[in-house]
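Student: This is the structure I have questions about; it appears just below.
There are 2 protein chains.
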Amino acid sequence: MRRPRKSRGDGRPTIADVAARAGVGAITVSRALRNPAQVSATLRALIDEAVRELNYVPDLHARALASTRTDVLAVLVPSLSHTVFTDVLRGIYDGVDGTKLHVQLGNTRFDPQEEERLLAGFVRQKPSAIIVSGVDQTPASRRMLEEAGCPVVQIMDVTDDPIQVVIGFRHREAGRRMTEHLIQQGYRSIAFISGWMSGRSLERLYGYQEALAAAGLSEPCKVHSLSKDELTALASRADSGVPPFLEFSRPSLGREMFRRAKELAPGLDAVFCNNDSLALGVLFECHAQGIRVPEDIGIAGFNDLDFMDACYPSLSSVRTHRYRNGYAAVTAVRQMLQGSYEGPRVVDLGVEVMARQSTLRRGPDRA
Amino acid sequence: MRRPRKSRGDGRPTIADVAARAGVGAITVSRALRNPAQVSATLRALIDEAVRELNYVPDLHARALASTRTDVLAVLVPSLSHTVFTDVLRGIYDGVDGTKLHVQLGNTRFDPQEEERLLAGFVRQKPSAIIVSGVDQTPASRRMLEEAGCPVVQIMDVTDDPIQVVIGFRHREAGRRMTEHLIQQGYRSIAFISGWMSGRSLERLYGYQEALAAAGLSEPCKVHSLSKDELTALASRADSGVPPFLEFSRPSLGREMFRRAKELAPGLDAVFCNNDSLALGVLFECHAQGIRVPEDIGIAGFNDLDFMDACYPSLSSVRTHRYRNGYAAVTAVRQMLQGSYEGPRVVDLGVEVMARQSTLRRGPDRA
DNA sequence: TTCATTCACGGTAGCGCTACCATCGCGCCT
DNA sequence: AGGCGCGATGGTAGCGCTACCGTGAATGAA
Numbered sequence: 001m002r003r004p005r006k007s008r009g010d011g012r013p014t015i016a017d018v019a020a021r022a023g024v025g026a027i028t029v030s031r032a033l034r035n036p037a038q039v040s041a042t043l044r045a046l047i048d049e050a051v052r053e054l055n056y057v058p059d060l061h062a063r064a065l066a067s068t069r070t071d072v073l074a075v076l077v078p079s080l081s082h083t084v085f086t087d088v089l090r091g092i093y094d095g096v097d098g099t100k101l102h103v104q105l106g107n108t109r110f111d112p113q114e115e116e117r118l119l120a121g122f123v124r125q126k127p128s129a130i131i132v133s134g135v136d137q138t139p140a141s142r143r144m145l146e147e148a149g150c151p152v153v154q155i156m157d158v159t160d161d162p163i164q165v166v167i168g169f170r171h172r173e174a175g176r177r178m179t180e181h182l183i184q185q186g187y188r189s190i191a192f193i194s195g196w197m198s199g200r201s202l203e204r205l206y207g208y209q210e211a212l213a214a215a216g217l218s219e220p221c222k223v224h225s226l227s228k229d230e231l232t233a234l235a236s237r238a239d240s241g242v243p244p245f246l247e248f249s250r251p252s253l254g255r256e257m258f259r260r261a262k263e264l265a266p267g268l269d270a271v272f273c274n275n276d277s278l279a280l281g282v283l284f285e286c287h288a289q290g291i292r293v294p295e296d297i298g299i300a301g302f303n304d305l306d307f308m309d310a311c312y313p314s315l316s317s318v319r320t321h322r323y324r325n326g327y328a329a330v331t332a333v334r335q336m337l338q339g340s341y342e343g344p345r346v347v348d349l350g351v352e353v354m355a356r357q358s359t360l361r362r363g364p365d366r367a
Numbered sequence: 368m369r370r371p372r373k374s375r376g377d378g379r380p381t382i383a384d385v386a387a388r389a390g391v392g393a394i395t396v397s398r399a400l401r402n403p404a405q406v407s408a409t410l411r412a413l414i415d416e417a418v419r420e421l422n423y424v425p426d427l428h429a430r431a432l433a434s435t436r437t438d439v440l441a442v443l444v445p446s447l448s449h450t451v452f453t454d455v456l457r458g459i460y461d462g463v464d465g466t467k468l469h470v471q472l473g474n475t476r477f478d479p480q481e482e483e484r485l486l487a488g489f490v491r492q493k494p495s496a497i498i499v500s501g502v503d504q505t506p507a508s509r510r511m512l513e514e515a516g517c518p519v520v521q522i523m524d525v526t527d528d529p530i531q532v533v534i535g536f537r538h539r540e541a542g543r544r545m546t547e548h549l550i551q552q553g554y555r556s557i558a559f560i561s562g563w564m565s566g567r568s569l570e571r572l573y574g575y576q577e578a579l580a581a582a583g584l585s586e587p588c589k590v591h592s593l594s595k596d597e598l599t600a601l602a603s604r605a606d607s608g609v610p611p612f613l614e615f616s617r618p619s620l621g622r623e624m625f626r627r628a629k630e631l632a633p634g635l636d637a638v639f640c641n642n643d644s645l646a647l648g649v650l651f652e653c654h655a656q657g658i659r660v661p662e663d664i665g666i667a668g669f670n671d672l673d674f675m676d677a678c679y680p681s682l683s684s685v686r687t688h689r690y691r692n693g694y695a696a697v698t699a700v701r702q703m704l705q706g707s708y709e710g711p712r713v714v715d716l717g718v719e720v721m722a723r724q725s726t727l728r729r730g731p732d733r734a
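Quick mapping for you: the protein sequence lines, in order, are chains A and B. Everything in the first sequence is counted per our numbering, starting at 1 for the first residue and increasing by one. Everything in the second sequence is counted per our numbering, starting at 368 for the first residue and increasing by one.
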């Protein structure tokens with residue numbers, strides 16, 4: 001009798017079918033599914049059975065339309081090509097697992113304008129919550145986030161002035177601590193190399209400069225910010241579709257930049273690389289030139305990707321808790337959604353200096 | 368007069384607002400937005416203006432509910448931790464850019480059961496199209512895909528029996544060709560090492576075995592499929608939240624497996640690694656043991672990640688067109704959606720053997 | 001001129017769900 | 001006894017959009 005071949009719609013059972021089968025009202029089914037506590041155990045059992053028999057699955061679009069809210073967790077990352085962010089994503093996806101939330105991913109490609117565009121699109125869809133990478137959004141982006149009317153968590157950095165909650169680590173501190181380690185190990189002419197400078201890279205650079213200054217040392221040379229042309233030239237593998245911005249973390253770029261640094265500052269005795277891929281390249285360039293590591297040159301990277309401890313010599317790096325960061329962000333979001341978030345507005349996950357062979361020419365740092 | 372402070376809903380303008388402002392019917396606005404050709408130029412101009420003035424953005428949920436179809440492109444990948452798949456994703460996201468399609472991502476974690484679950488969820492949401500990785504879906508998954516009633520594209524592999532369209536490359540051929548290259552270079556005791564065997568890895572192994580057999584050579588030892596316990600033991604960095612399955616492509620695993628291979632087959636003169644990370648580990652183990660590459664040992668990897676050509680010596684690998692694969696899949700999907708797909712059901716993107724220093728002990732292969 | 005055909009546009013009726021309000025018992029207070 | 005609060009349930013009316021069908025005008029053919 002019910003739904004005798006409807007003219008429209010697919011054949012899927014609706015909440016009304018479940019209600020009819022269970023002999024209750026549609027709204028009761030709705031409640032039983034969303035908030036079982038509101039429904040008596042008797043009816044709940046009947047409804048559950050009907051749901052199972054009909055293999056009913058609620059229509060998320062209808063739900064979103066009727067309730068003016070979705071279960072979408074909007075996530076903005078600057079790249080899908082860097083392990084750094086895919087690790088975060090993994091944490092986010094794992095955190096979302098088993099909850100009602102659905103991740104909607106936006107790839108800003110390190111472009112603040114693109115971030116604005118994506119954000120505008122997301123905000124209009126009234127997501128449940130938003131996770132954005134970094135703390136240096138454009139004013140327009142920041143305004144949208146402030147007015148989004150939903151939990152907003154910034155990740156992978158720390159600021160004293162978060163939009164709502166920020167969970168990450170201090171890039172400046174990270175840069176400073178690794179540089180201090182290098183200084184402890186007796187390195188005196190330490191170069192910072194980086195293919196391209198994001199806001200977070202800059203912070204790392206500042207930390208490095210602070211440490212140098214505190215030790216009365218000076219920057220031996222500047223080897224950051226390759227020009228756009230240079231980056232593009234290196235992005236020769238057009239075939240693989242590698243976009244230029246990716247090039248700032250290619251090992252081949254590390255080799256190239258190390259050669260350049262040696263030219264500019266022949267007395268160089270250590271390089272602090274803005275990311276691990278560059279560090280890997282520097283290591284191989286040293287191998288190629290017969291330079292001993294860590295005796296002649298110390299090498300440090302950033303992020304502590306999985307290959308760092310398997311290198312020979314093993315490469316020092318700053319371990320950042322990326323997976324944990326993504327997971328923590330989702331946890332915070334979930335608590336914020338149910339109003340039970342008790343954590344502080346600023347969460348510093350910290351970093352760990354992983355001192356390995358590539359910088360240990362004196363044994364462990366003295367405390 | 369219109370919408371005098373509605374009791375529900377957010378304050379966003381609706382299609383009715385636009386219609387009122389432009390002095391036309393709501394349905395005409397709807398048409399003007401989705402298929403401008405159906406509306407006269409006069410009205411179209413009026414409507415466009417109204418849309419701009421009100422800053423109207425259609426509600427995707429309402430649209431989906433009314434039309435029983437979404438603009439969701441469901442994408443299933445086995446991992447978010449392997450460059451291989453994030454490259455594919457990049458291609459997909461780039462391909463989707465500027466279209467109506469929205470990517471909905473599912474991470475199967477290399478688990479066929481999880482793939483089934485995700486697929487069941489996706490299929491119920493009636494996506495516009497589905498992209499799945501690999502061709503070895505479970506029977507249940509395959510059935511769901513066959514009955515999904517939308518374009519389905521399988522990627523990253525090739526089969527003669529695709530669900531609809533498959534775009535990828537032949538892992539067996541890839542394995543065979545790299546092995547042939549090693550044989551050409553005079554290697555005679557070639558081990559295949561792999562941390563864990565997916566269906567695609569197995570194909571690579573078969574290709575390797577075929578090439579050996581064709582040359583009258585035999586497998587010097589078996590070093591694949593670490594036990595689950597062994598993998599778990601290696602996954603000691605619980606802190607970073609690295610799940611065990613990730614471990615099959617860690618460079619440290621490569622070092623470990625190479626040591627094991629040397630034990631099992633002391634006469635070993637080459638290793639073909641199931642992925643580049645393992646190859647990197649093998650290279651470093653050789654450095655550590657003072658083994659010359661490529662003279663004493665030849666090393667080959669798979670996928671040609673960006674660090675391979677920056678190693679010293681540079682590492683040979685099989686280049687796979689991952690980004691292109693993702694992009695091509697989206698292109699096919701879009702054409703299929705508008706009924707203009709003309710390509711074959713089976714698209715082989717091919718692979719390239721990148722012969723570099725780590726296997727070139729005789730100079731370029733003879734034709 | 002007349003009628004069929006096409007085209008541009010609009011009205012109506014849902015899509016499947018939930019917010020809001022009403023209802024109906026039931027126990028407890030005065 | 002009557003009133004009141006409260007918890008469980010249901011009916012109704014949309015959420016914003018589009019499918020379907022209908023209208024009226026313009027066009028072309030007879």
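Heads up, the beta-carbon is just placed ideally off N, CA and C, and yes, glycines get one too.
1. Can you check whether the CB of C517 (chain B) is closer than 8 Å to the CB of S495 (chain B)?
2. Any beta carbon of chain B sitting closer than 8 Å to that of D269 (chain A)?
3. In this structure, does DSSP put F639 (chain B) in helix, strand or coil?
4. List in chain order: all unbroken alpha helix (DSSP H) runs of 4+ residues lying wholly within the stretch 270-350 of chain A.
5. Taking only runs of the alpha helix (DSSP H) that begin and end inside the stretch 154-210 of chain A, which ones reach a length of at least 4 residues, in chain order?
6. Suppose only complete runs of 4+ residues qualify. What are the alpha helix (DSSP H) ranges in the stretch 41-79 of chain A, listed by chain order?
7. Can you tell me the Cα-Cα spacing of R723 (chain B) and E577 (chain B), whole angstroms?
8. Rounded C-beta distance between C311 (chain A) and F674 (chain B)? I'm assuming under 8 Å.
9. Residues bridged to M354 (chain A) by DSSP?
10. What did DSSP end up calling L472 (chain B) once you bin it into helix, strand or coil?
11. Can you round the beta-carbon distance between D715 (chain B) and L672 (chain B) to whole angstroms, since I take them to be within the 8 Å contact cut?
12. DSSP three-state call for S500 (chain B): helix, strand or coil?
13. Is the shortest distance between the beta-carbon of K373 (chain B) and the beta-carbons of chain A less than 8 Å?
14. With a threshold of 8 Å between beta-carbons, can Q251 (chain A) be considered close to chain B, or not?
15. If the cut-off is 8 Å on Cβ atoms, which residues from the stretch 90-108 of chain A count as contacting chain B, listed in chain order?
16. According to DSSP, V519 (chain B) sits in a beta bridge with which residue or residues?
17. Using only CA atoms, which one of B:D524, B:M545 and B:A412 lies nearest to I498 (chain B)?
18. Look up V463 (chain B) in the DSSP assignment and say whether it is helix, strand or coil.
19. Please name the residue in B:H449, B:G535, B:D384 and B:S585 whose C-alpha comes closest to that of R419 (chain B).
20. Answer yes or no: does any C-beta atom of chain A fall closer than 8 Å to that of V424 (chain B)?
21. Could you tell me whether any Cβ in chain A is nearer than 8 Å to the Cβ of Q480 (chain B)?
22. By Cβ distance below 7 Å, which residues in the same chain neighbour R2 (chain A) in space, the five residues on each side in sequence not counted?
23. Apart from the five residues on each side of it in sequence, which residues of its chain come closer than 7 Å, Cβ to Cβ, to S30 (chain A)?
24. Would you kindly work out how many angstroms separate the C-alpha atoms of R701 (chain B) and D438 (chain B), rounded to a whole number?
25. Between which residues of its own chain and Y187 (chain A) is the CB-CB distance below 6 Å, once the five residues before and five after are set aside?
26. What does the alpha-carbon distance come out to for the pair H171 (chain A) and K467 (chain B)?
27. Classify D606 (chain B) as helix, strand or coil using the three-state DSSP reduction.
28. Report back the beta-carbon spacing between V455 (chain B) and G693 (chain B) to the nearest angstrom; my notes put them in contact at under 8 Å.
29. Please list, in chain order, the chain B residues whose beta carbon lies closer than 8 Å to that of A74 (chain A).
30. On a CA-only basis, which of B:D464, B:G488 and B:Q504 is nearest G98 (chain A)? Give me that one, please.
31. List the residues of chain B whose Cβ lies closer than 7 Å to the Cβ of C311 (chain A), in chain order.
32. Out of curiosity, what's the CA-to-CA distance linking G710 (chain B) and A699 (chain B)?
33. Take the Cβ of P368 (chain A) as the centre, count every other Cβ of all protein chains shown within 10 Å, and call the residue buried at 16 or more, exposed below.
34. DSSP on V39 (chain A), reduced to helix/strand/coil?
35. At least one CB of chain A closer than 8 Å to the CB of Q531 (chain B): is that the case?
36. Looking at the strands, I want to know which residues DSSP matches up with V223 (chain A).
Tutor: Walking through what the data contain:
1. Annotated as proximal: S495 (chain B) and C517 (chain B), with beta-carbon spacing under 8 Å.
2. Interface criterion not met: the Cβ of D269 (chain A) is under 8 Å from no Cβ in chain B.
3. In this structure, F639 (chain B) counts as strand in the three-state DSSP scheme.
4. The qualifying runs are 276-289 and 322-337.
5. If you keep only unbroken alpha helix (DSSP H) runs of at least 4 residues inside the stretch 154-210 of chain A, you get 171-184.
6. 41-54 and 60-67, all fully within the stretch 41-79 of chain A.
7. If I take the Cα positions, the gap works out to 23 Å.
8. The Cβ separation is near 11 Å, so there is no contact.
9. Note: M354 (chain A) sits in a beta bridge opposite A:S317.
10. Strand at L472 (chain B).
11. At roughly 22 Å, the Cβ-Cβ gap does not stay under 8 Å, so D715 (chain B) and L672 (chain B) are not in contact.
12. Strand.
13. Annotation note: pLDDT 41 at K373 (chain B) (below 50); position unreliable, no value reported.
14. At residue 251 (chain A) the sequence reads Pro, which differs from the Gln that was named. So, interface residue.
15. For the stretch 90-108 of chain A, the set of positions with a beta-carbon nearer than 8 Å to some beta-carbon of chain B reads R90, G91, Y93, D94, H102, V103, Q104, L105 and N107 in chain order.
16. In the DSSP assignment, the residues bridged to V519 (chain B) are B:I497.
17. Answer by Cα proximity: B:D524.
18. DSSP, read as helix, strand or coil, puts V463 (chain B) in helix.
19. With respect to the C-alpha of R419 (chain B), the residue from B:H449, B:G535, B:D384 and B:S585 having the closest C-alpha is B:D384.
20. Taking Cβ atoms only, chain A reaches closer than 8 Å to V424 (chain B), which makes this a yes.
21. Proximity of Q480 (chain B) to chain A, defined by a Cβ-Cβ separation below 8 Å, is not satisfied.
22. With a pLDDT of only 33 at R2 (chain A), under the threshold of 50, the placement of this residue in the model should not be trusted; the figure read from the coordinates follows. Excluding sequence neighbours, R2 (chain A) sits near D17 and A20.
23. Within the same chain, S30 (chain A) has close Cβ partners I15.
24. CA-CA distance, R701 (chain B) to D438 (chain B), rounds to 11 Å.
25. Excluding sequence neighbours, Y187 (chain A) sits near D269, A270 and G298.
26. Between the alpha carbons of H171 (chain A) and K467 (chain B) lies a gap of roughly 37 Å.
27. Unreliable placement is indicated for D606 (chain B), whose pLDDT of 46 sits below 50; no coordinate value is reported for it.
28. Correct: roughly 4 Å between the Cβ atoms.
29. Proximity of chain B to A74 (chain A) at the Cβ level (cut-off 8 Å) is not reached, the minimal Cβ distance being about 12 Å.
30. Looking at the Cα atoms, B:G488 is the closest of the given residues.
31. Within 7 Å Cβ-Cβ: F651.
32. If you draw a straight line from the Cα of G710 (chain B) to the Cα of A699 (chain B), it comes to about 8 Å.
33. The question about residue 368 (chain A) has no answer, for chain A in this structure spans 1 to 367.
34. When secondary structure is reduced to three states using DSSP, V39 (chain A) falls in the coil class, being assigned neither helix nor strand.
35. With 8 Å as the cut-off, Q531 (chain B) does not count as an interface residue toward chain A.
36. Per DSSP, A:I193.
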